[in-house]
Amino acid sequence: MTKNLELTKWVDEVAALCKPDSVHWATGTEEEYQDMLNIMLDAGLATKLDEKKKPGCYLFRSHPSDVARAEMRTFIASRKEEDAGPTNNWIDPVELKATMTKLYDGCMSGRVMYVIPFSMGPIGSPIAKIGVEISDSPYVMINMRIMTRIGTAVLEALGENGEFVRCLHSVGKPLAAGEKDDGWPCVPNVAEKYISHFPEERMIWSFGSGYGGNALLGKKCFALRIAGVQARDEGWLAEHMLIMKLTSPEGKSYYITGAFPSACGKTNLAMLEPTIPGWKVETIGDDIAWMKFGEDGRLYAINPEAGFFGVIPGTSMQSNPNAVKQTLSNSIYTNAGLTDDNDVWWEGSGLPAPDHLIDWKGNDWTPESGEPAAHANARFTTPAAQCPVIAPEWEDPAGVPISAILIGGRRQATIPLVNESTDWNHGIFLGSIMGSEITTADITDKVGQVRRDPFAMLPFMGYHMGDYLQHWINIGKKTDADKLPKIYFVNWFRKDEEGKFMWPGFGDNSRVIKWIIERLSGDAKAETTAIGNLPLPDAIDISGLDITLADMEKLLTVDKEAWLAEIESIRENYLSYGNRLPAELAAELDKLQARLNEM
Ligand code: SAT
Ligand code: MN
1 MTKNLELTKW VDEVAALCKP DSVHWATGTE EEYQDMLNIM LDAGLATKLD
51 EKKKPGCYLF RSHPSDVARA EMRTFIASRK EEDAGPTNNW IDPVELKATM
101 TKLYDGCMSG RVMYVIPFSM GPIGSPIAKI GVEISDSPYV MINMRIMTRI
151 GTAVLEALGE NGEFVRCLHS VGKPLAAGEK DDGWPCVPNV AEKYISHFPE
201 ERMIWSFGSG YGGNALLGKK CFALRIAGVQ ARDEGWLAEH MLIMKLTSPE
251 GKSYYITGAF PSACGKTNLA MLEPTIPGWK VETIGDDIAW MKFGEDGRLY
301 AINPEAGFFG VIPGTSMQSN PNAVKQTLSN SIYTNAGLTD DNDVWWEGSG
351 LPAPDHLIDW KGNDWTPESG EPAAHANARF TTPAAQCPVI APEWEDPAGV
401 PISAILIGGR RQATIPLVNE STDWNHGIFL GSIMGSEITT ADITDKVGQV
451 RRDPFAMLPF MGYHMGDYLQ HWINIGKKTD ADKLPKIYFV NWFRKDEEGK
501 FMWPGFGDNS RVIKWIIERL SGDAKAETTA IGNLPLPDAI DISGLDITLA
551 DMEKLLTVDK EAWLAEIESI RENYLSYGNR LPAELAAELD KLQARLNEM
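Under this note's numbering, residues 1 to 599 are what the sequence shown spells out, in order.
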């Protein structure tokens with residue numbers, strides 16, 4: 001228990017409202033973790049996988065309505081609507097609290113209410129922050145234990161007067177006397193799920209979903225949306241970025257972060273196996289980076305998480321051998337297929353499809369079924385410490401000094417393989433225009449248009465996007481220009497006239513990163529162009545690749561007409577920020593247009 005009166009008061013209030021059968025304070029022990037699993041095994045909600053093939057691993061199947069982050073049901077309830085900005089769903093906080101208080105009333109009856117103190121970042125790190133999640137889900141308990149640091153040690157760090165972010169979560173399925181869960185508990189009607197943020201109060205209320213970022217409130221809700229607001233107010237950065245360590249053949253190490261929208265291979269990049277001899281990649285984080293200035297004026301990053309919540313389908317020994325090895329033990333699988341010998345299988349695993357399995361919906365499946373065995377957003381939850389290439393300093397409370405920031409999206413044309421920003425504001429400009437082409441999977445009439453996703457934060461913004469970009473610009477004023485990380489705009493997804501990818505990607509992305517590192521140390525040549533500094537076609541090491549210099553030239557040219565069209569689309573996007581568009585970015589856009597017109 002705790003002497004923190006704010007916390008005990010809040011727990012009492014929530015218990016009085018939600019009316020659970022009992023309250024359990026998470027200690028974070030292994031024994032408690034096993035107890036939670038046993039509860040779910042007994043209730044038929046979990047399957048233990050074969051102990052020889054996948055020791056300590058469990059499979060869960062969620063409800064078909066509850067398989068991903070619910071963006072349409074994610075709300076930023078700032079006091080003023082304009083502070084949520086054009087990219088967020090807003091509801092008046094008073095109204096939203098009234099609605100949700102009714103939903104929470106009695107919502108935990110028949111259940112245990114878990115109080116989960118957690119630290120985002122190594123406990124006690126000056127960059128870390130504490131949250132407390134109250135949840136009625138033992139699935140949340142076990143996932144939070146992997147994804148964050150939970151339990152008694154966090155309460156001790158919190159002390160009597162420490163501050164914490166209030167994270168309230170309920171699956172929204174009270175049980176009547178004697179009633180048992182019949183499958184994954186949640187509110188099946190998506191329109192009745194709420195993932196709500198109250199940025200001024202640093203508070204999160206989630207109701208109706210038990211899945212991923214809707215329910216593991218330390219991740220996107222706290223570490224990006226609420227921490228983003230804290231970072232703005234306190235002068236640091238909470239970003240949707242991987243953190244990796246690169247070591248050159250000479251033994252010199254560099255730390256870089258990278259922002260990429262969903263489905264761009266962020267987890268794969270974070271632990272890639274370089275295809276160029278002598279270079280080494282180690283992982284610090286695969287999803288979120290918190291960066292604060294150190295005393296030397298450089299930005300230092302920590303990974304606030306302690307585990308990886310990665311997409312299962314497509315993960316194979318080819319795409320990400322380290323993730324395959326990492327998830328062989330002590331991992332939770334959600335919505336993968338279950339083979340007859342109690343193992344998991346998924347599309348894109350690189351392993352032959354079994355003749356029969358139980359699919360993610362719990363139905364018999366054969367290769368002829370015509371439906372995927374695993375849900376496209378099936379996920380593993382796995383301890384970061386198990387990553388075969390985790391950097392030894394991944395839990396250093398001081399963080400690691402960042403030399404470069406990669407940004408990028410999925411673009412078939414226009415955006416070159418790599419483009420170095422010429423200064424900080426130019427880099428922020430590039431971050432503001434990043435995005436991916438809308439594909440048919442997005443179900444809109446905008447197929448082919450670019451959805452701008454500044455710094456890959458579109459779904460994770462806790463405030464006005466224009467203010468966020470201004471915050472990035474302001475960060476650049478806080479230190480000497482040469483201490484700031486350099487920003488590189490990369491694009492692994494260029495296609496040729498036949499629609500084939502022009503760059504091999506995966507481990508070969510190390511070749512581009514090598515050029516970046518060589519730029520940082522002053523060894524690589526670049527050409528200053530209208531859009532930024534581009535490598536000369538022979539500057540990127542393509543030895544052993546089935547790529548010609550002519551291909552490289554195509555990957556590294558400035559397509560003037562395409563860029564002029566891009567400018568029109570950026571202007572349109574910038575209009576949506578109204579008077580909160582930073583003047584610096586409007587100026588960057590004008591300067592770019594002028595440089596292109598001079599070409
Ligand atoms: O479900 S999460 O939000 O944790 C992961 C994701 O959708 O990016
Ligand atoms: Mn993410």
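All C-beta atoms, glycine included, are put in the ideal place defined by N, C-alpha and C.
Since the structure is predicted, the reported quantities are computational estimates derived from the model, not experimental observations.
Quick one: what does DSSP say residue i is sitting in, helix, strand or coil?
| i | result |
| --- | --- |
| residue 197 | strand |
| residue 142 | helix |
| residue 169 | strand |
| residue 350 | coil |
| residue 473 | helix |
| residue 584 | helix |
| residue 283 | strand |
| residue 250 | coil |
| residue 52 | coil |
| residue 446 | coil |
| residue 578 | helix |
| residue 451 | strand |
| residue 39 | helix |
| residue 437 | strand |
| residue 590 | helix |
Hey, would you say the C-beta of residue i is under 7 Å away from at least one heavy atom of the ligand SAT?
| i | result |
| --- | --- |
| residue 262 | yes |
| residue 69 | yes |
| residue 60 | no |
| residue 159 | no |
| residue 222 | no |
| residue 269 | no |
| residue 458 | no |
| residue 309 | yes |
| residue 212 | yes |
| residue 103 | no |
| residue 216 | yes |
| residue 219 | yes |
Could you tell me the boundaries of the alpha helix (DSSP H) in which residue i lies?
| i | result |
| --- | --- |
| residue 99 | 93-104 |
| residue 321 | 321-326 |
| residue 519 | 509-520 |
| residue 157 | 152-158 |
| residue 267 | 266-270 |
| residue 130 | Residue 130 -> not in any alpha helix (DSSP H); beta strand (DSSP E) instead, spanning 129-135. |
| residue 571 | 560-575 |
| residue 212 | 212-215 |
| residue 342 | Where residue 342 is concerned, there is no enclosing alpha helix (DSSP H), given that its DSSP letter is neither H nor E. |
| residue 550 | 549-555 |
| residue 231 | 227-234 |
| residue 83 | 81-84 |
Can you give me the start and stop residues for the beta strand (DSSP E) that residue i sits inside?
| i | result |
| --- | --- |
| residue 599 | Careful: residue 599 lies outside any beta strand (DSSP E) and carries neither H nor E. |
| residue 290 | 289-293 |
| residue 187 | No beta strand (DSSP E) contains residue 187, which DSSP labels as neither H nor E. |
| residue 48 | 46-48 |
| residue 1 | Premise fails: residue 1 is in no beta strand (DSSP E) and is neither H nor E. |
| residue 527 | 526-528 |
| residue 301 | 299-302 |
| residue 238 | 237-239 |
| residue 380 | 379-383 |
| residue 317 | Premise fails: residue 317 is in no beta strand (DSSP E) and is neither H nor E. |
Quick check: is the beta carbon of residue i nearer than 8 Å to any beta carbon in chain C?
| i | result |
| --- | --- |
| residue 431 | Protein chain content of the structure displayed is limited to a single chain, and chain C is not contained in it. |
Is the beta carbon of residue i within less than 7 Å of some heavy atom of the ligand MN?
| i | result |
| --- | --- |
| residue 453 | no |
| residue 240 | yes |
| residue 287 | yes |
Stretch pair the region 380-388 + the region 227-240: three plus CB contacts closer than 8 Å:
no
If we count Cβ pairs, one from each stretch, closer than 8 Å, do we get three or more for the region 397-414 versus the region 458-468?
no
Closer than 8 Å is the cut-off here; do at least three beta carbon pairs connect the region 257-264 with the region 515-532?
no
Are at least three pairs of beta-carbons, each pair with one atom in the region 330-349 and one in the region 265-285, less than 8 Å apart?
no
With a cut-off of 8 Å, do at least 3 Cβ pairs link the region 419-435 to the region 316-333?
no
Run through the region 458-506 for me and flag every whole beta strand (DSSP E) of 3 or more residues, listed as ranges in chain order.
486-490
Which runs of the beta strand (DSSP E) fall wholly inside the region 394-435 and span at least 3 residues, in chain order?
404-408 and 418-420
At least three beta-carbon pairs within less than 8 Å, the region 72-90 to the region 566-573
no
Between the region 304-312 and the region 367-383, do at least 3 Cβ pairs fall closer than 8 Å?
yes
Looking at C-beta atoms only, is the number of pairs between the region 97-108 and the region 260-276 that lie closer than 8 Å three or more?
no
Considering only residues of the region 2-34, which uninterrupted beta strand (DSSP E) runs meet the minimum length of 3 residues and lie entirely inside it, listed in chain order?
22-25
Measuring CB atoms only, is the region 291-300 touching the region 245-253, in the sense that at least three cross pairs come out at less than 8 Å?
no
Can you find at least 3 beta carbon pairs, one from the region 18-31 and one from the region 136-153, that sit closer than 8 Å?
yes
To test your reading of the DSSP string, which unbroken beta strand (DSSP E) runs of 3 or more residues are found completely within the region 55-79?
58-60 and 74-76
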